[in-house]
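Participant:
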Amino acid sequence: MARICLQYGIVAGAVPRRRMATAHLTFWHISDSGIFAALAELRAHTMSGTMHAAMPTTRSIMSDITTLTKAVAKAIDRPIALVGMMGSGKSLVGRRLAQRLDLAFIDSDSDIEASAGISIAEIFELAGEDKFRSLEREAISAAADIGPVVLSTGGGSICDAETAQLLCERTIVVWLQAQPETLFSRIGSFSSRPLLHTDDPLATLRDLATKREADYGKAHITVTTDQLSAAAAVTAVLRALDSHLAVK
Ligand code: S3P
Numbered sequence: 136m137a138r139i140c141l142q143y144g145i146v147a148g149a150v151p152r153r154r155m156a157t158a159h160l161t162f163w164h165i166s167d168s169g170i171f172a173a174l175a176e177l178r179a180h181t182m183s184g185t186m187h188a189a190m191p192t193t194r195s196i197m198s199d200i201t202t203l204t205k206a207v208a209k210a211i212d213r214p215i216a217l218v219g220m221m222g223s224g225k226s227l228v229g230r231r232l233a234q235r236l237d238l239a240f241i242d243s244d245s246d247i248e249a250s251a252g253i254s255i256a257e258i259f260e261l262a263g264e265d266k267f268r269s270l271e272r273e274a275i276s277a278a279a280d281i282g283p284v285v286l287s288t289g290g291g292s293i294c295d296a297e298t299a300q301l302l303c304e305r306t307i308v309v310w311l312q313a314q315p316e317t318l319f320s321r322i323g324s325f326s327s328r329p330l331l332h333t334d335d336p337l338a339t340l341r342d343l344a345t346k347r348e349a350d351y352g353k354a355h356i357t358v359t360t361d362q363l364s365a366a367a368a369v370t371a372v373l374r375a376l377d378s379h380l381a382v383k
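Going from the sequence shown to my numbering is simple: count from 1 and add 135.
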């Protein structure tokens with residue numbers, strides 16, 4: 136927990152000068168991830184122009200996000216599985232989402248590597264993709280047995296029919312969708328992604344995204360993340376989960 140102090144007129148940026156003059160100092164005791172989510176929302180409001188029409192204060196956004204987080208945490212009864220292409224932010228967003236909801240975070244790729252004792256790239260090279268997909272299915276099935284956790288899955292997991300069925304029946308599946316150009320710009324390590332060991336990884340991403348669209352479309356929830364920071368994506372996922380759980 137951190138003690139933070141914000142002058143919201145300065146944080147909001149687009150607030151008229153008159154308002155800035157009357158802006159006041161506000162103190163909260165909140166978690167680091169909480170303030171990042173609030174600031175991301177505030178920035179989204181500022182960019183979309185809604186800040187001028189109905190100026191939400193950081194305090195009101197914070198309280199909104201806290202209420203939202205509590206509602207989702209209370210209603211969740213099964214794993215939240217993040218699916219989507221390589222570079223869609225499943226691990227980063229998943230880790231932060233788990234932190235917000237106070238749930239364990241599981242990364243199926245990391246679990247596979249830990250139990251195999253070799254990297255994903257080595258599994259592809261030594262045993263082939265089919266073997267990898269069966270290890271992936273086992274890892275996802277084991278995670279689904281645990282109950283409410285946040286599970287980040289490998290990009291191709293839902294393209295395997297059996298794994299797709301297991302994900303859709305036993306977890307809430309959230310597709311983090313983004314354009315190939317966005318994915319390309321976000322991918323930190325190409326060497327650890329054997330499917331991108333091609334002459335033109337961006338073209339490969341485009342091709343895979345097209346081929347996989349129908350599989351990702353099986354997800355219960357879709358969140359488009361192109362313009363979103365990780366914090367804003369977490370809040371967007373929480374909002375979508377809240378709506379999904381309300382109508383379930
Ligand atoms: C894959 C994505 C990778 C990893 C493997 C195959 C895919 O995971 O599971 O290289 O088929 O898209 P990330 O999506 O976490 O990069």
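No residue lacks a Cβ here, since even glycine has one placed at the ideal position from N, Cα and C.
1) Does the beta carbon of leucine 330 fall short of 7 Å from some heavy atom of ligand 1?
2) Can we count aspartate 244 as close to ligand 1, meaning its CB is less than 7 Å from some heavy atom?
3) Touching or not, the segment 223 to 235 and the segment 356 to 374, by the rule of three or more beta carbon pairs under 8 Å?
4) Is it the case that the CB of lysine 266 approaches a heavy atom of ligand 1 more closely than 7 Å?
5) Since valine 285 is in the beta strand (DSSP E), which residue starts that stretch and which ends it?
6) Residues in its own chain within less than 6 Å of arginine 321 by CB, not counting five upstream and five downstream?
7) Are three or more beta carbon pairs between the segment 355 to 362 and the segment 296 to 315 nearer than 8 Å?
8) Quick one: what's phenylalanine 240 bridged to in DSSP?
9) Quick check on isoleucine 253: does DSSP put it in helix, strand or coil?
10) Let me know if glycine 219 comes out buried or exposed under the rule of 16 or more other beta-carbons within 10 Å of its beta-carbon.
11) Can you look up threonine 192 in the DSSP assignment and give me helix, strand or coil?
Facilitator: If we stick to the structure as given:
1) Numbered from 1 along the sequence shown, position 195 holds the residue referred to as residue 330. Answer for leucine 330: yes, Cβ within range of ligand 1.
2) Stepping through the sequence shown from its first residue, residue 244 is reached at position 109. It does: the Cβ of aspartate 244 is within 7 Å (strictly closer) of some heavy atom of ligand 1.
3) yes
4) Taking the sequence shown and counting its residues from 1, the one referred to as residue 266 is at position 131. No, the beta carbon of lysine 266 sits no closer than 7 Å to any heavy atom of ligand 1.
5) Here the question's residue 285 lines up with position 150 in the sequence shown. Taken as a continuous stretch (DSSP letters only), the beta strand (DSSP E) holding valine 285 covers 285 to 287.
6) Here residue 321 corresponds to residue number 186 of the sequence shown, with the count starting at 1. Excluding sequence neighbours, arginine 321 sits near Gly222.
7) yes
8) Taking the first residue of the sequence shown as position 1, residue 240 is located at position 105. For phenylalanine 240, which the question treats as bridged, DSSP gives the partners Val285.
9) One-based indexing of the sequence shown puts residue 253 at position 118. Isoleucine 253: coil per DSSP, three-state reduction.
10) Here residue 219 is taken as the residue at index 84 of the sequence shown, counted from 1. Buried.
11) Here residue 192 corresponds to residue number 57 of the sequence shown, with the count starting at 1. Three-state DSSP puts threonine 192 in coil, outside helix and strand.
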